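K.L.:
Residue numbers (numbering that gives the first Met the number 0), protein chains in the order written: chain A, 0 to 100; chain B, 0 to 397.
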Amino acid sequence: MKKLIVMMLLSISLFAQVKEEMEVPYIAYEIKMGKGFDAVNANCLMCHSFGYIINQGPQSKLFWKKKIDKMIVHFKAPITKEDQKTVLDYLYKHYGNGELK
Amino acid sequence: MKRRDFFKTSIAASAALVGSSLSAGVTTQPITGRKISKVAFPEKRPMITYSDRPPLLETPRDIFTQSITPNDSFFVRWHLPDIPTYIDPDAYTIKIDGLVERELNISLKSLKHDFEQVEVTAVLQCGGNSRSAFHPIPGGIQWGSGAMGCAKWKGVRLSDILDRAGLKKDAQWIGFNGLEKAAYYETPNFVRELHLEELDDHVILAYEMNGEDLPYLNGYPLRLIIPGYYSDSWVKMMSHITVTNKYKSLFFMDEAYRVPDNATESETPQKHFKSTKPITKMNVKSVIGYPLEGAKIAYHSQLVVRGVAFDSGLGIKDVQISLDDGKTWESALLDNDAGRYAYKAFRFGFKPNKYGKLKIMAKAINRLGEEQPLAKDVLWNHGGYKYNGIDVVNVEVV
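1) Note down, in chain order, every chain A residue with its Cβ under 9 Å from the Cβ of B:Arg52.
2) Considering only residues of the same chain and omitting the five flanking positions on each side of A:Asn96, which have a CB-CB separation below 7 Å?
3) When the Cα atoms are used, what is the spatial distance from A:Lys80 to B:Glu185?
4) Can you check whether the C-beta of B:Gly148 is within less than 8 Å of a C-beta belonging to chain A?
5) Bridge partners for B:Val304 per DSSP, in chain order?
6) What residue does the beta strand (DSSP E) around B:Asp96 start on, and which one ends it?
7) Could you give the DSSP three-state label for A:Ile67: helix, strand or coil?
8) Measuring straight from C-alpha to C-alpha, what distance separates B:His239 and B:Thr327?
9) Report yes if the CB atom of B:Cys149 is closer than 8 Å to the CB atom of B:Thr267, and no otherwise.
10) Identify the contact partners of B:Glu185 in chain A, using a Cβ-Cβ distance below 7 Å as the criterion.
11) For B:Asp390, write down the residues that DSSP places opposite it in a beta bridge.
12) Is there at least one Cβ from chain A nearer than 8 Å to B:Gly293's Cβ?
13) At 7 Å on the CB atoms, spell out the chain A contacts of B:Ile140, in chain order.
14) Any beta-carbon of chain B closer than 8 Å to the one on A:Lys66?
15) Tell me the rounded alpha-carbon separation between B:Ser20 and B:Phe133.
16) Select from the stretch 253 to 269 of chain B all residues with a C-beta closer than 7 Å to any C-beta belonging to chain A, and list them in chain order.
17) So with Cβ pairs under 8 Å, would you call B:Ser20 a contact of chain A?
18) Between which two residues does the beta strand (DSSP E) carrying B:Glu57 extend?
19) Could you give the residue range of the beta strand (DSSP E) that holds A:Glu29?
20) Please work out which residues of its chain come closer than 6 Å, Cβ to Cβ, to B:Ser330, disregarding the five sequence neighbours upstream and downstream, and give them in chain order.
21) If we ignore side chains and look at the alpha-carbon of each, how far apart do B:Val391 and B:Gly145 end up?
22) If you drop the 5 nearest sequence neighbours on each side, which residues of the same chain put their C-beta closer than 8 Å to that of A:Tyr94?
23) Give the secondary structure of B:His112 by DSSP, where H, G and I count as helix, E and B as strand, and everything else as coil.
24) If contact is defined by three or more beta carbon pairs under 8 Å, each pair taking one atom from either stretch, is the stretch 279 to 295 of chain B in contact with the stretch 27 to 40 of chain B?
25) A:Glu22 by DSSP, collapsed to three states: which one?
26) Considering only residues of the same chain and omitting the five flanking positions on each side of B:Thr263, which have a CB-CB separation below 6 Å?
27) Determine the chain A residues that contact B:Ala182 at a beta-carbon separation under 7 Å, and present them in chain order.
28) Comparing C-alpha positions only, which one of B:Lys385, B:Tyr246, B:Leu223 and B:Ile140 sits nearest to B:Val258?
29) Give me the chain A residues within the contact set of B:Thr48, using Cβ-Cβ distance strictly less than 7 Å, ordered along the chain.
30) Can you name, in chain order, every residue of its own chain whose Cβ lies under 7 Å from the Cβ of B:Thr92, other than the five neighbours on each side?
31) Please look up how many angstroms separate the CB atoms of B:Val117 and B:Gly154, rounded, as I've assumed it's under 8 Å.
32) Excluding the five sequence neighbours on either side, which residues of its own chain have a C-beta within less than 7 Å of the C-beta of B:Arg366, listed in chain order?
33) Using alpha carbons as the reference points, say which of B:Lys343, B:Lys37 and B:Phe114 lies closest to B:Asp310.
34) Taking the alpha carbon of B:Leu157 as the point to measure from, which residue in B:Asn128, B:Leu98, B:Leu195 and B:Asp89 has its own alpha carbon closest?
35) With 9 Å as the limit, tell me which residues of the stretch 75 to 101 of chain B have their beta carbon closer than that to any beta carbon of chain D; keep them in chain order.
36) Rounded C-beta distance between B:Gln124 and B:Met281? I'm assuming under 8 Å.
Structure (structure tokens):
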């Protein structure tokens, strides 16, 4: 059984048009723990939940590389060269399908 | 939510493809029957939940027996993580600037009182709805069939607002921006641009959905409604309209929500087609809401298959059902006309007279004669857009 971690985020408060306080709930995605997770936590979670990663299912190394590139090129995520490699290795190890392409 | 359960169906679908050649890309039925989350989002009942930030919620399939999608079940899709935490309807204004004679800041109250109020019933569908049908998977959210809904929208014609502002002679492009924000300043805003020619009198700025204020997660207090078009340009929490004479280069216009610019709008996973075009108008599609995949149906009972069909507004002429793997088709009954942009609810009653597995297929045909292809004949594209295969539900007669 792989060790799972539950990440806590502050829930975001909203006021409804009915002027009552509402909250967008926080969901504890069961993201896999392992080497490089700190970099994933620091870089990916700034913009999106782990739901985005998990929803892709197991994918090739190239698939994950292209995803990271998209975040950098199009969404301007400031991910260092070192972290890019760490995040890629983590994603491929835990959410890879065993294929390079 | 147990993610392992969540992916059972998806893994089974992928496993079925192992060994087949993926060089051309393969299309199957989209994933169905995903678990509904235990967690409810504001103004929503629990839905299929892909992400909490930004919120991504899918409508469960059984809702698609109804020609109007209830607000609390209507799908949710945001692009950027920071959605305003507070909106004061009394202070909210929308700004219109750029190539106009008069810059305007219109309050919600003024929109509701100083303009003609209009209504349109229209389908809102994400261009990536049913994306999980495509293999290998294109990136993006692996939606089942529930990134769509139909509502009665009330608001003000965009053309009336632009008339009030007065377009200058060289006005050509209208840019729309909502209040969602990225985590980094450098991230492009979710701005959409439409050419004036695309904006007819059916395009409205809506503040009401099915007789209620827009739900927060569907774009309160104001969103753009473009009947017949995929939802990528239906900007939510609309705050700013800018008129220009030149198309700006924008990520969400130039990279996202585009298909190959060729006759079949398709390509292979290995070799993407170079030029692309926006997804724009919706193709003809139907989804069965009842019965659901894997249901057990009593032998010789009265079974009524129900679902919804729609297209870009040409109008649905016929929905046909097949119970013999597509060899023969019979027309279903269609509900009354709620307008050409609305869901056409269909129903088809019969008594299953054979025990065992039963495959129910639904195919919509529009007034131009365009009809849904079989899932396997929907051609692959790298964004996973515009899936519209004949819908299939497998049940067991017991």
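Just so you know, even glycine gets a beta-carbon here, dropped at the ideal spot from N, CA and C.
Values in this document were obtained by computation on a predicted structure and should not be read as measured data.
P.N.:
With the given structure in hand:
1) Along the second sequence, read from residue 1 onward, the residue named residue 52 of chain B stands at position 53. Going along chain A in sequence order, the residues near B:Arg52 (Cβ under 9 Å) are Leu8, Ile11, Val23, Tyr25, Ile26, Leu44, Cys46, His47, Ser48 and Gly50.
2) As a first step, residue 96 of chain A must be located in the first sequence, where it is residue number 97. Only Pro57, Gln58 and Ser59 meet the Cβ criterion.
3) For this step, residue 80 of chain A is matched to residue 81 along the first sequence. For this step, residue 185 of chain B is matched to residue 186 along the second sequence. Whole-angstrom Cα-Cα distance: 18 Å.
4) Within the second sequence, the letter at position 149 stands for residue 148 of chain B. Put simply, the CB of B:Gly148 is far from chain A, with every gap to its CB atoms at 8 Å or more.
5) By 1-based counting over the second sequence, the position of residue 304 of chain B is 305. Paired residues: B:Phe347.
6) As a first step, residue 96 of chain B is located in the second sequence; it is residue number 97 there, counting from the start. For B:Asp96, the enclosing beta strand (DSSP E) has its first and last residue at Thr92 to Gly97.
7) Sequence index remark: in the first sequence, residue 67 of chain A carries index 68 (1-based). Looking at A:Ile67 - three-state DSSP - the assignment turns out to be helix.
8) Here residue 239 of chain B refers to the residue found at position 240 of the second sequence. Here residue 327 of chain B refers to the residue found at position 328 of the second sequence. B:His239 and B:Thr327 have their C-alpha atoms some 52 Å from each other.
9) Here the question's residue 149 of chain B lines up with position 150 in the second sequence. Here the question's residue 267 of chain B lines up with position 268 in the second sequence. Cβ distance not < 8 Å, so B:Cys149 and B:Thr267 don't count as in contact.
10) Start at 1 with the first residue of the second sequence, and residue 185 of chain B comes out as number 186. Near B:Glu185 (Cβ distances below 7 Å), the residues of chain A are Lys75.
11) Along the second sequence, read from residue 1 onward, the residue named residue 390 of chain B stands at position 391. Beta-bridge partners of B:Asp390 (DSSP): B:Ala361.
12) In the second sequence, the residue the question calls residue 293 of chain B occupies position 294. No, no contact with chain A.
13) Looking up residue 140 of chain B in the second sequence gives position 141. Within chain A, the residues Asn54 have their CB atoms less than 7 Å from the CB of B:Ile140, given in chain order.
14) Here residue 66 of chain A is taken as the residue at index 67 of the first sequence, counted from 1. For A:Lys66, the nearest beta carbon of chain B is closer than 8 Å to its own beta carbon.
15) The count along the second sequence starts at 1 and reaches residue 20 of chain B at position 21. The count along the second sequence starts at 1 and reaches residue 133 of chain B at position 134. Its pLDDT being 47, under 50, B:Ser20 is placed unreliably by the model, and nothing is read from it.
16) Per Cβ criterion, the list reads Glu254.
17) On the second sequence, position 21 is the one that residue 20 of chain B refers to. Low per-residue confidence applies at B:Ser20: pLDDT is 47, beneath 50, and the placement is therefore not dependable enough to give any value.
18) In the second sequence, the residue the question calls residue 57 of chain B occupies position 58. Taken as a continuous stretch (DSSP letters only), the beta strand (DSSP E) holding B:Glu57 covers Pro54 to Glu57.
19) Your numbering for residue 29 of chain A matches position 30 in the first sequence. Here the beta strand (DSSP E) through A:Glu29 covers Glu29 to Lys31.
20) Within the second sequence, numbered from 1, the residue matching residue 330 of chain B stands at position 331. So the list reads Asp317 and Gln319, once near-sequence residues are dropped.
21) Sequence index remark: in the second sequence, residue 391 of chain B carries index 392 (1-based). Sequence index remark: in the second sequence, residue 145 of chain B carries index 146 (1-based). Whole-angstrom Cα-Cα distance: 15 Å.
22) Translated into positions along the first sequence, residue 94 of chain A becomes position 95. Excluding positions up to five away in sequence, the list reads Lys31, Ile52, Ile53, Gln55, Gly56, Pro57, Gln58 and Trp63.
23) In the second sequence, counting from the first residue as 1, residue 112 of chain B sits at position 113. B:His112 sits in a helix when the DSSP states are folded into three classes.
24) Look at the beta carbons and you see the stretch 27 to 40 of chain B touching the stretch 279 to 295 of chain B: at least three pairs across the two are nearer than 8 Å.
25) As a first step, residue 22 of chain A must be located in the first sequence, where it is residue number 23. The answer is strand: DSSP assigns A:Glu22 an E or B state.
26) One-based indexing of the second sequence puts residue 263 of chain B at position 264. Taken in chain order, the residues that qualify are Leu378.
27) Taking the first residue of the second sequence as position 1, residue 182 of chain B is located at position 183. Correct list: Met45 and Cys46.
28) As a working mapping, residue 258 of chain B is identified with position 259 in the second sequence. Of the listed residues, the one whose Cα sits closest to B:Val258 is B:Lys385.
29) Locating residue 48 of chain B in the second sequence gives position 49, where the first residue counts as 1. Here the neighbours are Ile26.
30) Taking the first residue of the second sequence as position 1, residue 92 of chain B is located at position 93. Within the same chain, B:Thr92 has close Cβ partners Asn104, Ile105 and Ser106.
31) Sequence index remark: in the second sequence, residue 117 of chain B carries index 118 (1-based). Sequence index remark: in the second sequence, residue 154 of chain B carries index 155 (1-based). Your pair B:Val117 and B:Gly154 checks out as a contact, with CB atoms roughly 7 Å apart and the cut at 8 Å.
32) Here residue 366 of chain B corresponds to residue number 367 of the second sequence, with the count starting at 1. If you ignore the 5 residues before and after B:Arg366, its C-beta comes within less than 7 Å of the C-beta of Leu313, Gly314 and Lys316, all in its own chain and listed in chain order.
33) Position 311 of the second sequence holds residue 310 of chain B. That would be B:Lys343, whose Cα lies nearest to the Cα of B:Asp310.
34) Along the second sequence, read from residue 1 onward, the residue named residue 157 of chain B stands at position 158. Closest option to B:Leu157, judged by alpha-carbon separation, among B:Asn128, B:Leu98, B:Leu195 and B:Asp89: B:Leu195.
35) The question asks about chain D, but that chain is absent: this structure's protein chains are A and B.
36) Residue 124 of chain B sits at position 125 when you count from the first residue of the second sequence. Residue 281 of chain B sits at position 282 when you count from the first residue of the second sequence. Indeed, because the Cβ distance is near 6 Å, the residues count as touching under 8 Å.
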